[in-house]
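Worksheet for the structure shown next.
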Ligand code: SF4
Ligand code: SF4
Ligand code: SF4
Ligand code: FES
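Protein chains in written order, with my numbering: chain C, 751 to 1283; chain B, 184 to 540.
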């Protein structure tokens, strides 16, 4: 990575003091409402907003500069901004000299990426791109925020690095209210990643490629470890589809709903010899299981979550398990012990103590210390206060690295047959596959039906009215939903939320992935819409 | 760092040093002197509508009464928060507020956590000389989570202001005049037809029983609840919240000003999205599929089947044919054990999350 770590460099509490917020591919008022409130606080205090998003979201309406970027072309926008910063001499020369590497290469590369050229691809006026570069570079406290609009592409990692280039060019990093901030979607996606639920690393970002790491864990766990990285989830699905993968243990996930190209996911699961699903509801995935293990909800167990600002916070058991359910940690322990590897912890507290003892970045965190408030990692020892913002004075990887990343087209673009660009996302009222929120009275009161946002002009051409049921189709499948016609989405783009089983948008999306993180391209594919009759 | 100049003032005979720009209320509370408030919420701009935060200030030879929530503390100020004049006037203010407030604490949802009730008790205000039967009542609204009873509204404006200043949704406002004044949606619209996002921020700030959590009505008294501090299970912000439990049921979710990272704010999912916990659809027993149908099983049956199947597949095809998907919805401890299970128990690095979003 550009800095050496992939999490929010600032804290939520620093947001209100930002002087400029550049929001790109993220809709905090809906996806992260309380971060949205902090940004609204900043707005009231006069913070300047630049918003790049194909949808005219809340902050777009209140922004100084709104850049309605065509999905999948963020690379052009970001590289052109870098071009303007360098061309107009707005870069932070001192910072570049002392804290970065690769500047000359970037400079040479972006020389030809003029705002005019970028304008052709992104649909944003060249002058607005210049303006964005100037505002961002010149503000005294500039912070970048992005979410899935940036990462859910085949070029997701490229996008993240191209964003980081801007912070490195201007030195807008490693200071209060100044940095680069991916906001994580699900409650503990930060934690699941931190805990090493990835094929190539143990928890605390300790890689299997490091012999010392392997040795440490072999000794602590008393087993021999496999050193070669395992398969990522897309690879596992690929092997399932080829019949070359036999068993899967799915804990608290619903890949049938959340993975792209639903038909392919289901075919893979059906090919397995054995599928175990551990969940709180009969999810779409659970229907294909051989055994279902009923887990408890967060209200019935102890533990910790790590939020998007790296804060490890307590989850506390409020009620005893409902029915004959057990907390996930306990199920795993019992299963493991039955399989001959003893896992014996009296409570999650002891599990955490093991986590902390085996990863330096968590070493200083224990339940007693986070009793009243969480602590932000890295926290190296029990005297360490935790880390509010990252990269002060030095990057995790030493020098910050500029990346030269030319545009790569999405795996599938609109064409004659499927002329519209389909993008997907979250709404305020629901959460992922909706298994929890759709069982909540207050929430379904606001929205309980799938909709597709269509631009006014497109709707006119197609003869579609606001509220009408329409069919949305891609090369992989079709769903029906009612049309929400407005000027919120850019012409040529349609947008569908991800939460509805009966109109699962992942029947439509494409199983194409980012080459590094293997995140799926939920944000771009070709689609068409038709009237129902 | 910009240095903020310090000032010193005298509160109830004690010298307090605070940063310039703080209010008298903040200065007093910094040394543990509590001044009662009704219309004040630290998340909002001062409004100075209720006047219960009144204090006495020395002005040369005379004294004056001022509201402490919106008056900036200045150097050399001499303040009394508990003089006879203050107490008498505060009592009078409470009487005025109670003149337009129903006397039905015994059935009020807020009983036990109502600031007005607490103040009436503390100041011994039993009767109001100005009492008039309050009008209004429970507003008809189809939304299942927020209940408003306009007869109880004391017009502190906190709901209106939190919706405007913090949420910036501008869904509710003051309506009518005089004794008829109340707060609510424009033209008595249903909440779903307004810009209201059902966040319940207005409920969280209402100091009386005018705005309450509808689903909790009649389900328990404040002092019966066990309040369990925990972290929201929905999005990556990780708001701190409290599950209010009675028996083995989560009755409502509340929040506290000052909590990290959300300062008492919650969104609709965190505050009202808890009913899934007790939903009848919850899986309650292990299930084993037999001839295409799920059948209830004991933990012992289910776990030994899983153990033998996974063990068998490992022996027959090798550990590389087994994978574990772990969840961003589960705790760190769950995830750590899932990854340890994959690596140590099965012996594979095939561990991942799906859709890493
Ligand atoms: S629920 Fe939220 S949006 Fe609705 S009126 Fe209350 S504060 Fe405003
Ligand atoms: S409803 Fe509650 S918060 Fe709103 S003005 Fe009335 S008393 Fe105050
Ligand atoms: S209350 Fe809302 S913003 Fe806060 S963590 Fe829960 S879902 Fe996220
Ligand atoms: S709290 Fe100061 S006037 Fe209401």
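We treat Cβ as the ideally placed atom computed from N, Cα and C, and that holds for glycine.
Min CB distance residue 1040 (chain C) to chain B below 8 Å: The residue labelled residue 1040 (chain C) in the question sits at position 290 within the first chain. Yes, because at least one Cβ of chain B sits closer than 8 Å to the Cβ of residue 1040 (chain C).
Taking a cut-off of 5 Å, which residues have a beta-carbon closer than that to any heavy atom of ligand 3, in chain order? C:783, C:784, B:415, B:417, B:418, B:420, B:422, B:449, B:450, B:452, B:453
Closest Cβ-Cβ distance between residue 487 (chain B) and chain C: below 8 Å? Start at 1 with the first residue of the second chain, and residue 487 (chain B) comes out as number 304. Closer than 8 Å: yes.
Opening and closing residue of the alpha helix (DSSP H) in which residue 749 (chain C) lies: In the structure as shown, chain C starts at 751 and stops at 1283, and residue 749 (chain C) therefore has no counterpart that could be examined.
Residue 958 (chain C) CB to nearest chain B CB: under 8 Å? Against the first chain, residue 958 (chain C) aligns to sequence position 208. Interface residue, yes.
Which ranges does the alpha helix (DSSP H) cover as unbroken runs of at least 4 residues, wholly within the stretch 1127 to 1215 of chain C, from first to last along the chain? 1191 to 1196, 1206 to 1212
Given a threshold of 16 other Cβ atoms within 10 Å of its Cβ, counted over all protein chains shown, does residue 957 (chain C) qualify as buried or as exposed? Position 207 of the first chain, counting from 1, holds the residue named residue 957 (chain C). Residue 957 (chain C) should be labelled exposed.
In whole angstroms, give me the CA-to-CA distance for residue 540 (chain B) and residue 343 (chain B). As a position in the second chain, residue 540 (chain B) is number 357, starting the count at 1. As a position in the second chain, residue 343 (chain B) is number 160, starting the count at 1. Confidence at residue 540 (chain B) is low in this model, with a pLDDT of 49, below 50, so its placement is unreliable and no value can be given for it.
Show which residues of chain B have a CB atom less than 7 Å away from the CB atom of residue 933 (chain C). To locate residue 933 (chain C), count along the first chain from 1; it is residue 183. Chain B residues near residue 933 (chain C): 419.
Is residue 220 (chain B) near ligand 4, with its Cβ less than 7 Å from a heavy atom? Here residue 220 (chain B) refers to the residue found at position 37 when the second chain is read from its first residue. Result yes, Cβ under 7 Å from ligand 4.
I need the straight-line Cα distance from residue 480 (chain B) to residue 369 (chain B), nearest angstrom please. Numbered from 1 along the second chain, position 297 holds the residue referred to as residue 480 (chain B). Numbered from 1 along the second chain, position 186 holds the residue referred to as residue 369 (chain B). The straight-line gap from Cα to Cα measures roughly 55 Å.
Could you give the first and the last residue of the continuous alpha helix (DSSP H) run that contains residue 289 (chain B)? Your numbering for residue 289 (chain B) matches position 106 in the second chain. That residue, residue 289 (chain B), is in no alpha helix (DSSP H); it is neither H nor E in DSSP.
Taking 8 Å as the CB-CB limit, is residue 936 (chain C) close to chain B? The residue given as residue 936 (chain C) occupies position 186 in the first chain. Cβ-Cβ to chain B under 8 Å: yes for residue 936 (chain C).
Decide yes or no for the touch test of the stretch 443 to 450 of chain B against the stretch 1083 to 1091 of chain C: beta carbon pairs closer than 8 Å, at least 3 of them. no
With 9 Å as the C-beta to C-beta threshold (strictly closer), list the residues of the stretch 430 to 457 of chain B near chain C in chain order. 430, 431, 432, 433, 442, 443, 444, 445, 446, 448, 449, 450, 451, 452, 453, 454, 455, 456, 457
Under 8 Å between C-beta atoms, does residue 869 (chain C) make it to chain B? Here residue 869 (chain C) corresponds to residue number 119 of the first chain, with the count starting at 1. It does not; no Cβ of chain B falls within 8 Å.
For residue 1283 (chain C), does the three-state DSSP call read helix, strand or coil? For this step, residue 1283 (chain C) is matched to residue 533 along the first chain. Residue 1283 (chain C): coil per DSSP, three-state reduction.
For chain B, check one thing: does any of its Cβ atoms lie closer than 8 Å to the Cβ of residue 1012 (chain C)? Position 262 of the first chain, counted from the first residue, corresponds to residue 1012 (chain C). Not one chain B Cβ lies under 8 Å of residue 1012 (chain C).
So, for residue 1091 (chain C): in the same chain, excluding its five sequence neighbours on each side, which residues have a beta-carbon less than 8 Å away from its beta-carbon? The count along the first chain starts at 1 and reaches residue 1091 (chain C) at position 341. Around residue 1091 (chain C): 973.
Give the residues from the stretch 1050 to 1075 of chain C that approach chain B closer than 9 Å (Cβ to any Cβ), ordered along the chain. 1050, 1051, 1052, 1053, 1054, 1055, 1056, 1057, 1058, 1059, 1061, 1062, 1063, 1064, 1065, 1066, 1067, 1068, 1069, 1070, 1072, 1073, 1074, 1075
What is the rounded straight-line gap between the Cα of residue 830 (chain C) and the Cα of residue 413 (chain B)? In the first chain, the residue the question calls residue 830 (chain C) occupies position 80. In the second chain, the residue the question calls residue 413 (chain B) occupies position 230. The alpha-carbon atoms of residue 830 (chain C) and residue 413 (chain B) are separated by roughly 45 Å.
Rounded to a whole number of angstroms, what is the C-alpha to C-alpha distance between residue 1068 (chain C) and residue 423 (chain B)? On the first chain, residue 1068 (chain C) is found 318 positions in, with the first residue counted as 1. On the second chain, residue 423 (chain B) is found 240 positions in, with the first residue counted as 1. Whole-angstrom Cα-Cα distance: 14 Å.
Is residue 232 (chain B) close to ligand 4? I mean its beta-carbon at under 7 Å from any heavy atom of the ligand. In the second chain, the residue the question calls residue 232 (chain B) occupies position 49. Answer for residue 232 (chain B): yes, Cβ within range of ligand 4.
Are there any heavy atoms of ligand 4 lying less than 7 Å away from the beta-carbon of residue 235 (chain B), as far as the coordinates show? Residue numbering aside, residue 235 (chain B) sits at position 52 when the second chain is read from its first letter. At least one heavy atom of ligand 4 is nearer than 7 Å to the Cβ of residue 235 (chain B), so yes.
For residue 720 (chain C), is the classification buried or exposed, using 16 other Cβ atoms within 10 angstroms of its Cβ as the cut-off for buried? The structure shown does not extend to residue 720 (chain C), since chain C spans only 751 to 1283, so no value can be given for it.
Chain-order list of residues whose beta-carbon lies under 7 Å from that of residue 1154 (chain C) (same chain, five-residue window excluded): As a first step, residue 1154 (chain C) is located in the first chain; it is residue number 404 there, counting from the start. The answer, listed in chain order, is 855, 856, 859.
Run through DSSP, which three-state label would residue 381 (chain B) get? Here residue 381 (chain B) corresponds to residue number 198 of the second chain, with the count starting at 1. Three-state DSSP puts residue 381 (chain B) in coil, outside helix and strand.
Reduced DSSP secondary structure (H/G/I, E/B, other) of residue 901 (chain C): Taking the first residue of the first chain as 1, we reach residue 901 (chain C) at position 151. It is helical.
Go to residue 1284 (chain C), then tell me how far its beta strand (DSSP E) extends in each direction, as first and last residue. Given a span of 751 to 1283 for chain C in the structure shown, any question on residue 1284 (chain C) remains unanswerable.
Whole angstroms are fine: how far does the CA of residue 943 (chain C) sit from the CA of residue 505 (chain B)? Position 322 of the second chain, counted from the start, is the residue given in the question as residue 505 (chain B). Position 193 of the first chain, counted from the start, is the residue given in the question as residue 943 (chain C). Their backbone Cα atoms lie some 20 Å apart in a straight line.
Cβ-heavy atom distance, residue 336 (chain B) to ligand 1, below 7 Å: By one-based count along the second chain, residue 336 (chain B) stands at place 153. No, Cβ of residue 336 (chain B) sits at least 7 Å from all heavy atoms of ligand 1.
Which residues DSSP lists as bridging residue 219 (chain B), in chain order: If you number the second chain from 1, residue 219 (chain B) lands on position 36. Beta-bridge pairing links residue 219 (chain B) to no other residue.
Cβ separation of residue 1016 (chain C) and residue 1046 (chain C), assumed to be a contact under 8 Å, to the nearest whole Å: Locating residue 1016 (chain C) in the first chain gives position 266, counting from the first residue. Locating residue 1046 (chain C) in the first chain gives position 296, counting from the first residue. Between residue 1046 (chain C) and residue 1016 (chain C) the Cβ distance is about 27 Å, and since that is not below 8 Å, they are no contact.
Using the rule of at least 16 other Cβ atoms within 10 Å of the residue's Cβ for burial, across every protein chain shown, is residue 1158 (chain C) buried or exposed? For the purposes of this step, residue 1158 (chain C) is taken as residue 408 along the first chain, with counting starting at 1. With fewer than 16 other Cβ atoms within 10 Å, it is exposed.
So, does the CB of residue 947 (chain C) fall closer than 8 Å to a CB anywhere in chain D? This model lacks chain D altogether, as its protein chains are C and B.
Check whether the Cβ atoms of residue 1279 (chain C) and residue 1221 (chain C) sit closer than 8 Å, and answer yes or no. In the first chain, the residue the question calls residue 1279 (chain C) occupies position 529. In the first chain, the residue the question calls residue 1221 (chain C) occupies position 471. Yes. Within cutoff.
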